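Here the structure comes first, spelled out in structure tokens, and everything after it is commentary.
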Amino acid sequence: MTYPYNEQNLLENPHKYMYTPFQGVTLIQSYLKSRQDILSLHQGERKQNTETPTGFILVKKTFAVIEKIIGGQSPNVAEDYCRKLREHLESQCKPDFGDDLQLAKMTEALKKISPNELVTTSSLLNGLVASLLAEKAGSENKIWLDRLVQRFEVTKKLYEKYPPGFRKGQGDNKSIILYWLLSLALCLFYSRTKNLKFLNCLIKVNDLLTSLPHKDLHEVIPAFGLELVLSTEIIFVCMLAEAKGVDHTSI
Amino acid sequence: MVAADTSRSKAYIQALIRNNLLPGFVLIIGNKSGVSMPGQVDSKESINDKLNDVAVQNGCWSEAYINLSESIQMSLESSSTPYEQLEVSNIHDPSVIDIIKNRTEYTFIYSGYGGIILRKELFQTGKQFLHVHGGYLPDYKGSTTNYYSIIVEDSIGASSLFLNEDIDDGPVLRRKKSPPPADRTQIDHIYDNAARAKVLVETLKTYEISGEWRIEKDANSQGETYFIIHPVLKHIAILAKTSATL
Numbered sequence: 184m185t186y187p188y189n190e191q192n193l194l195e196n197p198h199k200y201m202y203t204p205f206q207g208v209t210l211i212q213s214y215l216k217s218r219q220d221i222l223s224l225h226q227g228e229r230k231q232n233t234e235t236p237t238g239f240i241l242v243k244k245t246f247a248v249i250e251k252i253i254g255g256q257s258p259n260v261a262e263d264y265c266r267k268l269r270e271h272l273e274s275q276c277k278p279d280f281g282d283d284l285q286l287a288k289m290t291e292a293l294k295k296i297s298p299n300e301l302v303t304t305s306s307l308l309n310g311l312v313a314s315l316l317a318e319k320a321g322s323e324n325k326i327w328l329d330r331l332v333q334r335f336e337v338t339k340k341l342y343e344k345y346p347p348g349f350r351k352g353q354g355d356n357k358s359i360i361l362y363w364l365l366s367l368a369l370c371l372f373y374s375r376t377k378n379l380k381f382l383n384c385l386i387k388v389n390d391l392l393t394s395l396p397h398k399d400l401h402e403v404i405p406a407f408g409l410e411l412v413l414s415t416e417i418i419f420v421c422m423l424a425e426a427k428g429v430d431h432t433s434i
Numbered sequence: 676m677v678a679a680d681t682s683r684s685k686a687y688i689q690a691l692i693r694n695n696l697l698p699g700f701v702l703i704i705g706n707k708s709g710v711s712m713p714g715q716v717d718s719k720e721s722i723n724d725k726l727n728d729v730a731v732q733n734g735c736w737s738e739a740y741i742n743l744s745e746s747i748q749m750s751l752e753s754s755s756t757p758y759e760q761l762e763v764s765n766i767h768d769p770s771v772i773d774i775i776k777n778r779t780e781y782t783f784i785y786s787g788y789g790g791i792i793l794r795k796e797l798f799q800t801g802k803q804f805l806h807v808h809g810g811y812l813p814d815y816k817g818s819t820t821n822y823y824s825i826i827v828e829d830s831i832g833a834s835s836l837f838l839n840e841d842i843d844d845g846p847v848l849r850r851k852k853s854p855p856p857a858d859r860t861q862i863d864h865i866y867d868n869a870a871r872a873k874v875l876v877e878t879l880k881t882y883e884i885s886g887e888w889r890i891e892k893d894a895n896s897q898g899e900t901y902f903i904i905h906p907v908l909k910h911i912a913i914l915a916k917t918s919a920t921l
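Each protein sequence line maps, in turn, to chains A and B. Going by this note's numbering, the final residue of the first sequence carries number 434, and the count climbs one at a time with no gaps. Going by this note's numbering, the final residue of the second sequence carries number 921, and the count climbs one at a time with no gaps.
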């Protein structure tokens, strides 16, 4: 069967996921195949995205954090998951001590954002990812992530700005980078908390990303950024399935 | 009671009749739009409401005898329960509000279409709305939470509460956890409804005996609010073989 939840452009035709039918283990297998196919396609055209250095710092640092967390939980899985990404990342970048300074600035910027004022979503998401990288799941991070998850789950969109109260969004809602940043934040938060609410949202955000034209993703998402969020999501799903005794490898 | 043409309302009404807890009046909000509403059984869905003996013998599924082919109207007529039907699916439609406002009953069992948050105009009728949430409160608020609780702790929950304007945030009257059913493919229309119907029956029986609404948990503002489960996680919950909690 074909994985049915990213077949249409989900920015144009959002999925509500209500009362979805049971389709057996083949649904999980079709999900994995769909994600792997998109990864293969994207890896074939990988590039160093020099236009978004901040994004690439977030990719490098997120990978390092998740590799460490997964390594502590399931070393075999971590080795398999990390090998390819690590090779590519290490070949592309040298350690840069300016990275931490950049992240610290972004984290500081998050502290100045208030839900009682107009919020620029890109600043919020950049600051949130930086803050999630810098510390363990802090309560302030969860409050912001809860707000974003609520907005995405209800509307299936992220808007350019949110007026005071953080309810109805304003401006463009087709900015791919916002959805990718949310995916990154969800990867980080779930890796630390194992709270299924955030894995649930991660799969939906990645459904949306993988429903979009490949060239659009390639243009705006930093190098290795899509590989990172998709590979991480796959690992989380497989680890969960394994923990619950669901054999998704049998046909 | 406010009922909709859903498997949940059928489960509730059949359970109330079975337990001799007939409502004084039922307002049915219909759906003539031709588009299936949340909670309605899709004609393409495969529903097995013929339970096997093992499932029924287990006391926690005593309200799982749900005949989905029996209409709400048939159930109400066979039990001589007065009802009125409006061909509007919107609980906030002025005609619905008017009827509720003008009824003499103070407490309404709420069983409308899924995915709706009651707005202030309904609360401004001066009535209180008894709802049974499909999840153990306050831990599991929001939507489809029983799939989450199966994955996390191998259980299904239901909690009765008086609604307020926040999601699953009102005072909890009764809550219950049960092991998941043997056939997890029938959770959406059978077992989630059965778990809720059982808590509803127990809540009403307590009221019948004591003459008052006993609140089990007044402060209910903590907990996690979940959103509709993604099909991949739903499949993991259904196919899970281990009872180990995460």
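Using N, Cα and C, we set each Cβ at its ideal position, and we do this for glycine too. Since the structure is predicted, the reported quantities are computational estimates derived from the model, not experimental observations.
Distance between residue j and residue i (C-alpha atoms, nearest Å)
i	j	result
Glu738 (chain B)	Lys685 (chain B)	11 Å
Leu838 (chain B)	Val337 (chain A)	20 Å
Glu883 (chain B)	Ile862 (chain B)	29 Å
Ser374 (chain A)	Ile253 (chain A)	7 Å
Gln333 (chain A)	Ser257 (chain A)	31 Å
Leu293 (chain A)	Leu364 (chain A)	14 Å
Asn777 (chain B)	Ile741 (chain B)	32 Å
Pro298 (chain A)	Leu210 (chain A)	39 Å
Tyr186 (chain A)	His401 (chain A)	22 Å
Leu268 (chain A)	Glu190 (chain A)	27 Å
His806 (chain B)	Gly789 (chain B)	12 Å
Gln689 (chain B)	Lys852 (chain B)	22 Å
Leu691 (chain B)	Val876 (chain B)	7 Å
Ile772 (chain B)	Gln803 (chain B)	13 Å
Leu241 (chain A)	Ser314 (chain A)	11 Å
Gly699 (chain B)	Gly801 (chain B)	18 Å
Glu323 (chain A)	Arg889 (chain B)	36 Å
Lys880 (chain B)	Phe798 (chain B)	25 Å
Glu410 (chain A)	Val403 (chain A)	13 Å
Glu745 (chain B)	Thr203 (chain A)	24 Å
Asn695 (chain B)	Lys916 (chain B)	38 Å
Ile360 (chain A)	Lys244 (chain A)	17 Å
Cys370 (chain A)	Leu307 (chain A)	16 Å
Leu385 (chain A)	Thr782 (chain B)	40 Å
Sequence-distant residues of its chain with Cβ nearer than 8 Å to residue i (five each side left out)
i	result
Lys344 (chain A)	Leu301, Val302, Thr303, Thr304, Gly352, Gln353 and Gly354
Phe372 (chain A)	Leu315, Ala320, Asn324, Lys325, Leu328, Asn378 and Phe381
Residue i, buried or exposed, once every other Cβ within 10 Å from all chains shown has been counted against 16
i	result
Gly886 (chain B)	exposed
Ile326 (chain A)	exposed
Pro769 (chain B)	exposed
Ile434 (chain A)	Any reading at Ile434 (chain A) is ruled out, since the residue's pLDDT is 49, under 50, leaving its predicted position unreliable.
Arg350 (chain A)	exposed
Lys295 (chain A)	exposed
Gly255 (chain A)	exposed
Thr819 (chain B)	buried
Pro396 (chain A)	exposed
Ser786 (chain B)	buried
Ser755 (chain B)	exposed
Thr900 (chain B)	buried
Asp814 (chain B)	buried
Thr671 (chain B)	Any answer about residue 671 (chain B) is impossible in this case: the structure gives chain B only from 676 up to 921.
Collapsed DSSP secondary structure at residue i in the structure displayed
i	result
Lys851 (chain B)	strand
Gln226 (chain A)	helix
Gly789 (chain B)	coil
Ala833 (chain B)	strand
Val332 (chain A)	helix
Thr819 (chain B)	coil
Ile704 (chain B)	strand
Tyr442 (chain A)	Residue 442 (chain A) is absent from the model: chain A starts at 184 and stops at 434.
Thr209 (chain A)	helix
Asp728 (chain B)	Only weak support exists for where Asp728 (chain B) lies, its pLDDT of 47 falling under 50; the coordinates are left without a value.
Val763 (chain B)	coil
Thr800 (chain B)	coil
Glu828 (chain B)	helix
Leu805 (chain B)	strand
Thr415 (chain A)	helix
Ile252 (chain A)	helix
Other residues of its chain near residue i: CB distance less than 7 Å, five sequence neighbours each side excluded
i	result
Tyr188 (chain A)	His198 and Asp390
Ala424 (chain A)	Ile211 and His431
Residue i at chain D interface by Cβ criterion, 7 Å
i	result
Leu194 (chain A)	The chain labelled as chain D is not found among the protein chains of the depicted structure, namely A and B.
Own chain, CB closer than 6 Å to residue i, minus 5 neighbours either side, in chain order
i	result
Leu194 (chain A)	Lys357
Lys867 (chain B)	Strictly speaking, residue 867 (chain B) in this sequence is Asp, with Lys absent from that position. Counting only Cβ-Cβ distances below 6 Å, and skipping sequence neighbours, we find Gly809 and Asn821.
Asp728 (chain B)	Any reading at Asp728 (chain B) must be qualified, since the residue scores a pLDDT of 47, below 50, and its modelled position is unreliable; no value is offered.
Val847 (chain B)	Leu812, Ser834, Leu836, Glu891, Lys892 and Asn895
Ile221 (chain A)	Thr393
Val874 (chain B)	Val807, Ala833, Ser835, Arg849 and Lys851
heavy atom of the ligand SAM below 6 Å from residue i C-beta
i	result
Asn742 (chain B)	In the structure on display, the ligand SAM does not appear, and there are no ligands present to speak of.
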